[in-house]
Structure formats: structure tokens, C-alpha cells
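Colleague: Have a look at the structure that comes next, please.
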Amino acid sequence: MRDLLDTIRAWRADGQAIALATVVATAGSTPRPTGARLAVSEAGDMAGSVSGGCVENDVVYHAQEVLATGEPRLVHYAITDDMVWEVGLACGGTIEVWIEQLDAPASAPSPGSRPGLQAQLEQAIDEGRLVAQALLLDGPGRPGAKMLAWPSGATSGSLGDAALDRQVAADALAMLARPRAGSRRYEEPAARVFIEVFPPPPHLVVFGGVHIAIPLTAMARTLGYRVTIVDPRRKFANRERFPDADQIIPHWPGPAMEQLDIGPTTACVILTHDPKIDEPALQSLLGKGAGYIGAIGSRKTHAERFERMAQHGVSAGQLAEVYAPIGLDIGAETPQEIALAILAEIVAVRRGAPAGFMRDERPAPKHKKPHPNG
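Start counting the sequence shown at 16; every next residue gets the next number (our numbering).
Right, dumping it as C-alpha cells:
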């Protein structure tokens with residue numbers, strides 16, 4: 016949803032009605048996961064994807080029907096006997112797509128009134144706040160009814176039944192701890208509900224505004240990361256070098272940590288090759304629960320660095336958190352290629368890539384073949 020908001024708002028500004036198609040269930044091999052979306056404007060323009068191209072034309076047809084009637088619908092797609100003449104998925108899986116007209120948030124809500132659910136959702140996404148949305152596919156209420164659930168336990172909206180609202184709110188709250196999306200069936204009352212968590216964007220923190228950090232920042236932004244540059248050297252940490260960075264912190268790692276919220280969706284890379292910055296950065300990050308910590312340097316550099324840090328009380332277990340040498344071994348040579356290798360490793364770790372895909376089975380800075388990013 017996050018990547019579609021700018022387009023949706025541009026269409027709204029043009030006065031167009033908008034339909035939103037969402038993959039609410041999948042089975043077998045499918046090109047797009049649950050939660051994938053396609054926005055369709057009244058003029059027939061498209062943004063996003065629900066199948067990578069297999070069924071988009073048919074979804075657009077249904078979207079135009081939804082805009083004409085105002086009635087949402089659930090559409091099922093599966094492999095067909097004759098892919099030449101029928102719509103289906105060439106990969107052999109099945110998907111269900113919910114298609115609805117997207118309400119436009121009120122431009123001027125009345126004083127004291129609470130924004131509508133769509134406005135609340137979009138505001139939470141814009142501000143990077145964690146929220147879950149429940150969509151009623153079938154049940155006691157009106158299909159398409161929605162409810163938002165927040166980490167505090169508060170909810171907004173209703174699925175049309177108080178007992179169902181309580182059950183779904185509890186499930187949504189549990190899902191907030193591990194963001195995902197999926198459809199669930201409930202027995203009392205009988206209902207089917209699609210629940211989706213909208214987490215904050217992943218955060219990339221770069222210690223060292225060196226040359227590699229410039230293409231790394233641009234690539235990370237393309238993948239939806241929020242990017243922070245940390246470097247006490249102002250000639251490295253400035254807007255001229257990093258116009259796309261969300262935040263630039265021109266401080267040493269210790270003070271900079273006071274402005275950072277490190278967690279499972281945070282990836283931290285240390286690029287300076289300067290022990291005065293690298294080692295305090297590592298000491299500040301270890302044990303904070305970051306999703307990824309990587310440090311640039313040769314194996315010899317890391318061995319010496321870790322020996323010095325061990326003398327200051329940093330344990331071998333903590334040092335095992337560090338991916339070093341940094342980045343997947345793709346034979347990278349240029350700053351752009353090294354940035355690609357780093358970001359590829361970050362994505363692989365975030366998505367839980369099989370151990371065999373990585374350089375070895377654990378992020379330990381030893382027993383690795385010579386690596387170009389050292």
C-alpha cells in the first residue's frame with residue numbers, strides 16, 4: 016500500500032474515482048503474495064500488481080464494474096486448461112482478489128470528528144506507525160466492512176458484530192508482533208476475515224558517509240527503506256552528498272544512538288574503515304536487537320578489530336551478530352556493485368533466505384573465502 020499512495024493521491028487530485036484490488040488468499044505457486052495490490056483509476060490507469068501480469072487485464076475489467084456499481088466483489092483465479100483462451104495463472108497456483116472502491120479521505124473533517132478509516136490508515140502509513148487492518152470478506156456484517164487495530168489494543172471501525180470484532184482484534188494484535196497478512200475463518204459468528212499488518216518501513220542506518228554509501232542510499236530508497244546517515248565528519252555527512260537520505264546525524268556513534276530506534280526492522284552498516292568510528296559504532300549496536308549488522312573490511316581487519324573489542328569486554332557471542340566481510344560475494348568491485356552486494360545481503364537476511372544461499376551458515380566473521388568487499 017505504501018508504494019501506491021503517491022499515485023492514489025495524484026488520481027484523487029484529478030478528481031478520479033479509484034478501485035483497489037488486494038490479494039487476500041493464495042494457494043500453490045503464485046507470482047505475488049497476500050497483500051499485493053493493484054490500484055485502478057476511473058480512466059483505466061494502473062499502479063501496482065496482483066499477479067505480475069497474468070490476470071491484471073481481467074482485474075481491471077472487474078475494477079471498472081466496481082466503480083460503476085459501487086459494490087465490492089471477490090474474484091477467484093486459478094490455472095486453466097487452456098491458457099490461450101481463458102484467464103488464469105501460468106504458475107499453477109490460485110489467488111483470490113478483493114476489489115473495492117477506495118474511499119477518499121475527507122479533505123475537511125468537521126471539528127472534533129475522527130478521520131475515517133482510510134484516512135487513519137494512510138496517516139499511520141505516512142508516519143511509519145504500526146497498524147493492522149481487518150477486512151470482512153464474508154460474515155454477519157456488510158462485506159467490505161473494516162476495522163483498524165493498534166498496538167495499544169485500541170480499535171477503529173467495526174466488522175458488524177461485537178463478538179467478531181473482539182476475536183479479530185485479538186488476532187490482529189497478536190499479528191502485530193510479526194507483521195504478515197492472511198485470511199481467517201471464524202465459527203461464532205461464522206465469518207471470513209482478511210487481516211493485514213502495515214509495519215513501519217525498514218530502516219537502514221549507515222555509519223560513514225563514504226562513497227559506497229551514496230549508491231547504497233539510492234538503492235535502499237528504491238526498495239522502500241528509510242535511510243539515516245551517521246558520520247561526525249560534516250564534509251561526509253551533508254545534503255549535497257545525500258539528498259535522498261531521510262535523516263543525517265553529524266555526530267559520533269554514541270551520541271547518535273540517542274536519536275536512533277534500533278529494532279528487528281533496522282539494518283546497520285559500518286563503512287568508514289576508521290577504527291575511531293567503526294568500533295564505537297559496533298559497541299553501540301551489539302545486543303540492541305538490530306535485524307542486521309554488517310561491517311566493511313578485510314578478514315584481517317576484522318580479526319584485529321574483534322581482538323581489540325574483546326579486550327574491552329565484548330563477547331564472542333555478540334561479535335557473531337556481525338556480517339563480515341560485508342555483503343554477498345558477487346565479485347563486486349565498483350562502489351555501486353559493492354552497495355548492491357551489501358543491500359542484497361540485507362534483503363536475504365530480512366527475508367530469511369536459506370543458509371546455503373549465504374556465504375556460510377551463520378553471520379560469523381571467520382572461515383570465509385577471500386571476499387571482494389574487504
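The beta-carbon is built from N, C-alpha and C at its ideal position, and this holds for glycine as well.
Can you round the beta-carbon distance between Ala28 and Gln116 to whole angstroms, since I take them to be within the 8 Å contact cut?
Modeller: Indexing the sequence shown from 1 puts residue 28 at position 13. Indexing the sequence shown from 1 puts residue 116 at position 101. Contact doesn't hold; Cβ gap of about 17 Å is too wide.
Colleague: Do three or more CB pairs link the region 147-164 to the region 197-213 at distances below 8 Å?
Modeller: Result yes; three or more Cβ-Cβ pairs closer than 8 Å.
Colleague: How big is the Cα-Cα spacing for Ala178 and Glu203?
Modeller: Numbered from its first residue, the sequence shown carries residue 178 at position 163. Numbered from its first residue, the sequence shown carries residue 203 at position 188. Rounded to whole angstroms, Ala178 to Glu203 spans 8 Å at the Cα level.
Colleague: At 4 residues or longer, and completely inside the region 20-64: list those alpha helix (DSSP H) runs for me, N to C.
Modeller: Listed in chain order, the complete alpha helix (DSSP H) runs (minimum 4 residues) inside the region 20-64 are 20-28.
Colleague: In the structure shown, what three-state DSSP assignment does Arg17 receive?
Modeller: Position 2 of the sequence shown, counted from the first residue, corresponds to residue 17. If DSSP states are grouped into helix, strand and coil, Arg17 belongs with the helices.
Colleague: Got a sec, what are the start and stop residues for the alpha helix (DSSP H) Arg256 sits in?
Modeller: To locate residue 256, count along the sequence shown from 1; it is residue 241. It is not in any alpha helix (DSSP H) - Arg256 carries neither H nor E in the DSSP assignment.
Colleague: Short check: CB of Ala62 to CB of Ala51, under 9 Å?
Modeller: Here residue 62 refers to the residue found at position 47 of the sequence shown. Here residue 51 refers to the residue found at position 36 of the sequence shown. It is not a contact, given that the beta carbons lie outside the stated cut-off.
Colleague: Could you tell me if Ser66 is buried or exposed, where buried requires 16 or more neighbouring beta carbons within 10 angstroms of its beta carbon?
Modeller: For the purposes of this step, residue 66 is taken as the residue at position 51 of the sequence shown. Ser66 is buried by the Cβ-count criterion.
Colleague: Between the Cα of Ala32 and the Cα atoms of Val364, Thr84 and Asp141, which residue gives the shortest distance?
Modeller: Taking the first residue of the sequence shown as 1, we reach residue 32 at position 17. Closest by alpha carbon: Thr84.
Colleague: Counting Cβ pairs, one atom from each stretch, are 3 or more of them under 8 Å apart for the region 249-263 and the region 180-198?
Modeller: Contact fails: fewer than three Cβ-Cβ distances are below 8 Å.
Colleague: Suppose contacts are defined by Cβ-Cβ distances below 9 Å. Is Asp15 in contact with Ile277 by that definition?
Modeller: Residue 15 is absent from the structure shown; the chain starts at 16 and stops at 389.
Colleague: Just the Cα atoms here: how many angstroms apart are Pro46 and Ile229?
Modeller: Within the sequence shown, the letter at position 31 stands for residue 46. Within the sequence shown, the letter at position 214 stands for residue 229. So the alpha carbons of these two residues sit roughly 32 Å apart.
Colleague: State the DSSP-derived secondary structure class of Leu232, mapped to helix, strand or coil.
Modeller: Counting from one through the sequence shown, the residue named residue 232 turns up at place 217. Looking at the sequence itself, residue 232 is Thr, so the reference to Leu does not match. Three-state DSSP puts Thr232 in a helix.
Colleague: Would Ile285 and Gly223 be called neighbours here (beta carbons separated by less than 9 Å)?
Modeller: To locate residue 285, count along the sequence shown from 1; it is residue 270. To locate residue 223, count along the sequence shown from 1; it is residue 208. Contact flag set, yes.
Colleague: Shortest alpha-carbon distance to Trp26 belongs to which of Glu57, Gln326 and Thr41?
Modeller: As a working mapping, residue 26 is identified with position 11 in the sequence shown. The shortest C-alpha separation from Trp26 is found at Glu57.
Colleague: Specify, as a first and last residue, the run of the beta strand (DSSP E) that Arg241 falls within.
Modeller: Here residue 241 corresponds to residue number 226 of the sequence shown, with the count starting at 1. Its beta strand (DSSP E) spans residues Arg241 to Val245.
Colleague: For Asp18, count neighbouring C-beta atoms within 10 Å of its own C-beta (all shown protein chains included) and say buried if the count is 16 or more, exposed if not.
Modeller: Here the question's residue 18 lines up with position 3 in the sequence shown. Classification of Asp18: exposed, given that the 10 Å Cβ count is below 16.
Colleague: Relative to the C-alpha of Val70, which candidate in Val112, Ala42 and Gly59 has its C-alpha closest?
Modeller: Here residue 70 refers to the residue found at position 55 of the sequence shown. With distances taken between Cα atoms, Val70 lies closest to Val112.
Colleague: By alpha-carbon positions, which one of Gly159, Leu300 and Leu231 ends up nearest to Pro270?
Modeller: Start at 1 with the first residue of the sequence shown, and residue 270 comes out as number 255. Among Gly159, Leu300 and Leu231, the Cα nearest to that of Pro270 is on Leu300.
Colleague: According to DSSP, is Ile277 part of a helix, a strand, or is it coil?
Modeller: Indexing the sequence shown from 1 puts residue 277 at position 262. Coil, per DSSP.
Colleague: Start and end of the alpha helix (DSSP H) containing Leu297?
Modeller: The residue labelled residue 297 in the question sits at position 282 within the sequence shown. Element bounds for Leu297: Pro290 to Leu300.
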